[in-house]
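Have a look at the structure below, then the notes.
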Amino acid sequence: MTVPPTGTTGTTGTTGTAGRAPVAGTAGPAAGTPGAAGAAGGRPGPDGTAPVLQVRDVVVRYGGVAAVHQVSFDLLPGQILGLIGPNGAGKSSLLAAIGGQQRAQGGSIMLGGRDVTGTAPYTRAHHGIVRTFQTTSEFEAMSVFENLLVAGRGAAGASLWRVTTRWRTNREEERQAATKAWEVLERFEMAELADAYGRELSGGQRRLVEIMRCLMCDPSVLLLDEPMVGVAPHLVAKLVRDLRSVAAEGIGLVIVEHALEVIEQLCDEVVVMALGEVIAQGSYETVVQDEGVRRAYLS
Ligand SMILES: Nc1ncnc2c1ncn2[C@@H]1O[C@H](COP(=O)(O)OP(=O)(O)OP(=O)(O)O)[C@@H](O)[C@H]1O
Ligand SMILES: [Mg+2]
Numbered sequence: 166m167t168v169p170p171t172g173t174t175g176t177t178g179t180t181g182t183a184g185r186a187p188v189a190g191t192a193g194p195a196a197g198t199p200g201a202a203g204a205a206g207g208r209p210g211p212d213g214t215a216p217v218l219q220v221r222d223v224v225v226r227y228g229g230v231a232a233v234h235q236v237s238f239d240l241l242p243g244q245i246l247g248l249i250g251p252n253g254a255g256k257s258s259l260l261a262a263i264g265g266q267q268r269a270q271g272g273s274i275m276l277g278g279r280d281v282t283g284t285a286p287y288t289r290a291h292h293g294i295v296r297t298f299q300t301t302s303e304f305e306a307m308s309v310f311e312n313l314l315v316a317g318r319g320a321a322g323a324s325l326w327r328v329t330t331r332w333r334t335n336r337e338e339e340r341q342a343a344t345k346a347w348e349v350l351e352r353f354e355m356a357e358l359a360d361a362y363g364r365e366l367s368g369g370q371r372r373l374v375e376i377m378r379c380l381m382c383d384p385s386v387l388l389l390d391e392p393m394v395g396v397a398p399h400l401v402a403k404l405v406r407d408l409r410s411v412a413a414e415g416i417g418l419v420i421v422e423h424a425l426e427v428i429e430q431l432c433d434e435v436v437v438m439a440l441g442e443v444i445a446q447g448s449y450e451t452v453v454q455d456e457g458v459r460r461a462y463l464s
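Counting from 166, one number per residue, gives the positions in the sequence shown under the working numbering.
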């Protein structure tokens with residue numbers, strides 16, 4: 166039985182940007198507010214907020230084939246940006262290039278004004294970019310609590326060896342990670358499942374654990390690849406609320422999702438890709454009426 170430490174009940178402020186390169190105006194527009202959209206083209210937000218993430222002319226090739234061709238967008242703190250498009254459009258490849266799992270053969274990625282192009286995933290996680298994957302990737306033989314501890318210690322992207330060898334070296338760090346794990350569990354109403362093993366969870370609970378693992382790393386940017394896949398309909402609304410609350414803290418979200426009703430509910434800005442290129446960008450209402458988008462994706 167995992168016993169929560171005293172003093173964590175009801176705590177909500179689980180994430181922050183402490184120890185990170187300063188980002189102007191981290192209390193950026195919250196999800197769904199009118200000021201949240203409109204950061205395209207490297208412009209600051211309407212209130213002068215600097216983008217937390219700047220993706221410029223990014224190219225990803227597999228062999229000779231360009232899966233992503235010169236894609237650019239900006240993300241403000243607290244903004245929710247949807248990335249949509251048909252199968253094979255290059256959405257996951259773009260997330261991988263931003264997260265560092267895939268090398269970008271062209272372009273640049275700036276995080277809070279820092280050039281992270283070419284750095285390893287764990288370096289980017291340390292600086293604030295973390296991601297979830299199209300297929301859930303929690304450790305099935307570990308409890309939910311242990312999954313969170315591992316994420317908090319190693320930061321997403323660190324090798325299991327790095328995590329486990331550091332495990333016993335710093336008791337204070339261990340205590341802090343445990344306190345934070347309880348805060349995250351309570352915030353997402355998952356404390357009762359602290360001892361459950363990854364393999365015992367439902368699809369929606371697994372997705373939630375992945376998001377919670379990301380939050381253990383104090384991200385400034387969270388990349389989510391199809392977070393609603395495998396989630397039962399009654400849990401989709403909860404996940405939407407949870408993601409809104411994450412963005413409301415000033416964390417920028419990029420969400421790849423085929424469920425357009427989720428994109429409509431969540432996103433301040435939508436980027437549409439097809440065959441590796443951006444074919445439209447703007448509000449959900451604008452892009453779904455775009456003729457090119459209708460032809461490439463919606464017809
Ligand atoms: N590791 C790889 N090696 C070679 N080609 C790849 C690899 N990963 C993806 N591709 C190709 O790159 C293109 C873009 O794939 P990607 O997975 O990024 O698309 P996607 O938009 O995420 O699609 P989906 O909506 O189906 O997840 C596709 O043509 C795909 O076949
Ligand atoms: Mg994909």
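We put the beta carbon where it would ideally sit given N, CA and C, even for glycine.
Model, not experiment: these values are computed from the prediction.
DSSP, read as helix, strand or coil, puts residue 409 in helix. Between residue 294 and residue 384, the beta carbon gap of about 7 Å places them in contact (Cβ cut-off 8 Å).
Assigned with DSSP and collapsed to three states, residue 238 falls in strand.
Annotated as proximal: residue 276 and residue 386, with beta-carbon spacing under 8 Å. Pairing residue 226 with residue 264 gives a Cβ-Cβ distance that is not under 8 Å. In this structure, DSSP gives residue 355 a state outside helix and strand, which the three-state scheme calls coil. Per the coordinates, the alpha-carbon of residue 254 lies some 12 Å from the alpha-carbon of residue 423. Ranking 397, 288, 409, 283 by CA distance to the CA of residue 270 puts 283 first. The continuous alpha helix (DSSP H) containing residue 430 extends over residues 425-431. A distance of 8 Å or more separates the beta carbons of residue 418 and residue 378. Residue side-chain check: residue 462 keeps its Cβ at 7 Å or more from all non-hydrogen atoms of ligand 1. For residue 248, the closest of 460, 448, 292, 464 by C-alpha to C-alpha distance is 448. Its chain contains 405 as the residues whose beta carbon lies nearer than 7 Å to that of residue 430, once the 5 sequence neighbours on both sides are disregarded; these appear in chain order. DSSP, reduced to helix, strand and coil, places residue 416 outside both helices and strands of the structure shown, so it counts as coil. A direct Cα-Cα distance of roughly 17 Å separates residue 395 from residue 252. In the DSSP assignment, residue 247 falls within the beta strand (DSSP E) that extends over 245-249. The beta carbon of residue 252 sits closer than 7 Å to at least one heavy atom of ligand 1. Within the DSSP bridge table, the entry for residue 273 names 221 as partners. Each residue's CA atom was taken as its position, placing residue 220 and residue 266 some 15 Å apart.
Nearest Cα to residue 369 within the set 462, 451, 306, 393: 393. Residue burial is scored here from C-beta neighbours: residue 460 has fewer than 16 other C-beta atoms within 10 angstroms and is therefore classed as exposed. For the options 438, 376, 451, 310, the alpha carbon positioned closest to that of residue 298 is the one of 376. By the C-beta density criterion, residue 262 is buried, having at least 16 other C-beta atoms within 10 angstroms.
By DSSP's assignment, residue 458 forms no beta bridge with any residue. The beta carbon of residue 255 sits closer than 7 Å to at least one heavy atom of ligand 1. DSSP places residue 261 in the uninterrupted alpha helix (DSSP H) bounded by 256-264. In this structure, residue 427 keeps its C-beta atom at 8 Å or more from the C-beta atom of residue 437. Within 7 Å of the C-beta of residue 390 there is at least one heavy atom belonging to ligand 2. Note: residue 280 is bridge-paired with 275 in the DSSP secondary-structure output.
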